[in-house]
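For reference, the structure discussed in these notes is given below.
Here's what the structure looks like:
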């Protein structure tokens, strides 16, 4: 096996017709296009890392990442007889290895040279791609001038730093003999191949009955590819394309509808009677495919929770410094993926909890030392999957929740009676109660309580739940459980007059037809229903929405016992029509803020049903 | 024979697979892993007769992977061929010390790997 | 593509003229004939089940399902202060794309019935007459006289932008 130096000496002999006759791998179009694809990915990330390195020349991680990129390109090129690529990658790798070992300082001259190499390799890939497309495989020829330039960075007699490479003199055709630089002349750009993503866009532009040139207008597709962007997209990676998030949301939406429609067909009572085996098989096959399509569509909208976690690290740093505390933040499961829409809405509650931990949960270093704990406290964020849900854990090793104080406060606030017998969990859960804390009591309350009701509200809005556990002196843990996606919910379809509404099932505790004597009126205005020994407020949906109901009397109607913000109430509707999974749709900006309406959903017959926002319904009726 | 190929480059994994076939190694199922962590996870689920592993990989590099594999009694004698462009004597030695069955430098030809494998079986 | 967008309210008349020429869909509303730019129209459908939405102005009839999208529907009669009319076979919903503060928005517009698609030259279009009573009509692009009938050209985006203004307590027609 030749040594490195031997190989470098053979570079001059590397000619374009050094093709694949001896090596069947090198002529394999599949391997070559994999090579091009993967190299482009590396080149893209190399460029990004180089920019980082330019800011922080000592950033070992960036150096390592760039090294690995060139290293992999070199490895692939070696197998595929792409000698010109291999040699440049090898030289750059050598430089980076020296930098890694502290034998060479990264200067802007070094970065310039590496960028130049990256550009050269990018051109090589384009060239190779063209030659693949034309069918006559020609490997890019060696770029001796570039090789020399890179080598000189580590040349004896001067490190890159000392040589002070003239940045004004990059490798230009004037400096090198034209013969040695065939690449410069061969680097004709490939015609950009822009694949139109039709389908949805077409659909959106469709103008029925109107014989007009409407489709020529591009306003329907703001994301339509324009000139310069197309070029960028082409070079940065054939493996991924940029898609407007609204398109993606629409796709996920429609796929959700498809899943529901599929399940409606599959469970159609007409089909249940004596399904022929073939139809049964085909239906199952359809179900499997729909499932797979849904999973794939969903996955496109998933992003790792890591970037959200990263945001908290800055917060922890700032807060702990301000409060004179020493805190280590530990992150786990950053790769866990969540629906982009959930990640966005999770940011605030998460920040809030972390802030609470640092501000209130964690003791000063002195206090910690006094109590025999390490002076540096730990805040941990963990994400992972559990039983089809996303679980996010925020814990600290601070002083923990003080049960006695919470109880005292709750009694003071009239949230519980003085002789109430509560379990530990019930006591901790008091901190989520809206009445538990207000801004002026921040410092009174042991540890927490600061706006935890807000946190719980946000989590519930995401259709998740939050629990807390704590041990005095050992710390507190918040556990968030969230659905994988916001797109679909289980709902009860209820009727009021001629209208149908969807009640999200997660908020429903039970349904009942109340006996007449269980209904009473408080202070002549607020109707109440006695359910299992508790008096619960009654909200007439028809009244809230101005709809004429079929039944005016609660005892003729159906009561849905629901939970909102930790409190129970009864929602009065005419009847239960059914249970259905629905895709949640926005009603659009003009109707975004209607109290009591969370969105719309397409029902089985194609009509729109409004999804109720119980929080809004109950809140609005409460404030009257 | 089922084979596990550990390399962070998908293209190289594919290439290695081709080379094995060219070398007329009786390859059964080929499992792929993009780093040591994935490699270990695969090993816990599948039984393989040969491992080819890169050295320079993110998360868990090839040498750490090697060490972890060798730490398991069941995998002590599993043939592991380290495949890397890092051809320095020191690296080869380190790999062998940690229990590699062999070391082959990228790129290699079918004949070269045949030769290496002949020494293993 | 910017040349295709609706003219801004305060654009110079000459420019406005150039931009106003083009294809229009005409429809009836009471005794008047209106027209909107075909480019804005996405679809025309017969009247169908509309789901009422609480706490909205009376001209907002609710929402409907447009191939899986939920879009708001307004009754242009009510919007323009005309008496409510029972929907018939002729009643249509024009689905139009309008510009709003936050981008493009699909909206269903109930009209008495659509008539035809006309190609209007700049010369066919006259500016809105000054009504002389301080009534501003920013949503009227102009008037066109075709076969002795006057068509009122609507800038449909402005109709509903004006609505926002109205809600905020501003004075508009």
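Residue numbers (the working numbering), protein chains in the order written: chain A, 1 to 624; chain B, 625 to 745; chain C, 746 to 918. Backbone N, C-alpha and C define an ideal beta-carbon position, used for all residues, glycine too. Nothing here was measured: the structure is a model prediction, and the numbers come from that model.
Residue i and residue j closer than 8 Å at C-beta
i	j	result
residue 617 (chain A)	residue 567 (chain A)	no
residue 538 (chain A)	residue 558 (chain A)	no
residue 150 (chain A)	residue 95 (chain A)	yes
residue 378 (chain A)	residue 330 (chain A)	yes
residue 629 (chain B)	residue 651 (chain B)	no
residue 817 (chain C)	residue 336 (chain A)	no
residue 347 (chain A)	residue 308 (chain A)	yes
residue 304 (chain A)	residue 344 (chain A)	no
residue 862 (chain C)	residue 769 (chain C)	yes
residue 39 (chain A)	residue 137 (chain A)	no
residue 796 (chain C)	residue 609 (chain A)	yes
residue 872 (chain C)	residue 891 (chain C)	no
residue 774 (chain C)	residue 821 (chain C)	yes
residue 24 (chain A)	residue 646 (chain B)	yes
Neighbour list for residue i in chain C, Cβ cutoff strictly below 7 Å
i	result
residue 590 (chain A)	817
Where residue i meets chain B, residues with beta-carbon distance less than 7 Å
i	result
residue 545 (chain A)	Near residue 545 (chain A) there are no residues of chain B at all, since even the closest Cβ is about 54 Å away, more than 7 Å.
residue 74 (chain A)	709
residue 71 (chain A)	680, 709
residue 38 (chain A)	633, 634, 635
Cβ neighbours of residue i in the same chain (closer than 6 Å, five flanking residues each side left out)
i	result
residue 165 (chain A)	Confidence is the limiting factor: at residue 165 (chain A) the pLDDT is only 34, short of 50, which leaves the residue's position unreliable and the question unanswerable from this model.
residue 540 (chain A)	572
residue 915 (chain C)	Legend: pLDDT at residue 915 (chain C) = 27, less than 50; position of this residue unreliable, value from coordinates given subsequently. Excluding positions up to five away in sequence, the list is empty.
residue 392 (chain A)	383, 480
residue 903 (chain C)	883, 884
residue 631 (chain B)	637, 678
residue 551 (chain A)	557, 574
residue 792 (chain C)	832, 836
residue 447 (chain A)	Unreliable placement is indicated for residue 447 (chain A), whose pLDDT of 37 sits below 50; the coordinate value is still reported in the next sentence. Correct list, in chain order: 360, 361, 401.
residue 155 (chain A)	none
residue 972 (chain C)	Any question about residue 972 (chain C) goes unanswered here, given that chain C covers just 746 to 918.
residue 357 (chain A)	379, 396
Where residue i meets chain A, residues with beta-carbon distance less than 9 Å
i	result
residue 799 (chain C)	544, 545, 546, 547, 594, 595, 596, 597, 610
residue 700 (chain B)	Residues of chain A passing the Cβ test: none, with the nearest at roughly 29 Å.
Chain-ordered neighbours of residue i on chain C, where CB pairs are closer than 9 Å
i	result
residue 301 (chain A)	Result: empty, since nearest Cβ-Cβ is about 17 Å, beyond 9 Å.
residue 389 (chain A)	Those within 9 Å of residue 389 (chain A) in chain C number zero; the least Cβ separation is about 27 Å.
residue 607 (chain A)	793, 794, 795, 796, 809, 810
Opposing strand residues paired with residue i [DSSP bridges]
i	result
residue 796 (chain C)	C:808
residue 524 (chain A)	Beta-bridge pairing links residue 524 (chain A) to no other residue.
residue 597 (chain A)	A:612
residue 500 (chain A)	A:495
residue 412 (chain A)	Bridge partners of residue 412 (chain A): none, in fact.
residue 791 (chain C)	C:837
residue 656 (chain A)	Because chain A in this structure spans residues 1 to 624, residue 656 (chain A) falls outside the shown range and cannot be described.
residue 782 (chain C)	C:769
Same chain, Cβ closer than 8 Å to residue i, neighbours up to 5 away in sequence not counted
i	result
residue 814 (chain C)	851
residue 643 (chain B)	732, 733, 734, 737
residue 835 (chain C)	857, 858
Contact set for residue i: own chain, Cβ-Cβ below 7 Å, skip 5 residues either direction
i	result
residue 607 (chain A)	none
residue 42 (chain A)	69, 72, 73
Beta-carbon neighbours of residue i, restricted to chain B and to distances below 8 Å
i	result
residue 140 (chain A)	In chain order: nothing, as chain B lies at least about 17 Å away.
residue 35 (chain A)	635
Contact list for residue i against chain A, beta-carbon separation under 8 Å
i	result
residue 695 (chain B)	Residues of chain A passing the Cβ test: none, with the nearest at roughly 24 Å.
Under 8 Å by beta carbon: chain C residues contacting residue i
i	result
residue 587 (chain A)	798, 808, 815, 817
residue 602 (chain A)	810, 813, 815
Chain A residues whose Cβ lies nearer than 7 Å to that of residue i
i	result
residue 659 (chain B)	Within chain A, no residue comes near residue 659 (chain B); the closest Cβ sits about 11 Å away, beyond 7 Å.
Chain-ordered neighbours of residue i on chain B, where CB pairs are closer than 9 Å
i	result
residue 68 (chain A)	632, 680, 681, 682
Can we say the stretch 312–319 of chain A touches the stretch 363–374 of chain A, given the rule of at least three CB pairs closer than 8 Å? Taking 8 Å as the limit for Cβ pairs, the verdict is that the stretch 363–374 of chain A does not touch the stretch 312–319 of chain A.
Three or more C-beta pairs below 8 Å linking the stretch 113–123 of chain A and the stretch 672–687 of chain B: In short, these stretches do not touch, since the Cβ pair count stays below three.
Can you find at least 3 beta carbon pairs, one from the stretch 643–662 of chain B and one from the stretch 681–693 of chain B, that sit closer than 8 Å? The stretch 643–662 of chain B, when compared against the stretch 681–693 of chain B, does touch it at the 8 Å Cβ threshold.
Touch check for the stretch 829–844 of chain C and the stretch 852–861 of chain C: three-plus C-beta pairs under 8 Å? Touching, per the Cβ criterion.
Touch test, the stretch 818–831 of chain C against the stretch 734–741 of chain B, Cβ-Cβ under 8 Å, three pairs minimum: Flag = no, the stretch 818–831 of chain C and the stretch 734–741 of chain B do not touch.
Taking one C-beta from the stretch 26–35 of chain A and one from the stretch 80–96 of chain A each time, how about it: are there three or more such pairs within less than 8 Å? Three or more beta-carbon pairs separated by less than 8 Å link the stretch 26–35 of chain A to the stretch 80–96 of chain A, which places the two stretches in contact.
Inter-stretch contact at 8 Å, needing at least 3 Cβ pairs: the stretch 721–730 of chain B / the stretch 693–710 of chain B: Short answer: they touch.
Would you check if the stretch 403–413 of chain A and the stretch 488–497 of chain A touch, i.e. whether three or more CB-CB distances between them fall below 8 Å? Counting Cβ pairs under 8 Å, fewer than three are found: no touch.
Quick one: any contact between the stretch 288–299 of chain A and the stretch 248–266 of chain A, if contact means 3 or more CB pairs under 8 Å? Taking 8 Å as the limit for Cβ pairs, the verdict is that the stretch 248–266 of chain A does touch the stretch 288–299 of chain A.
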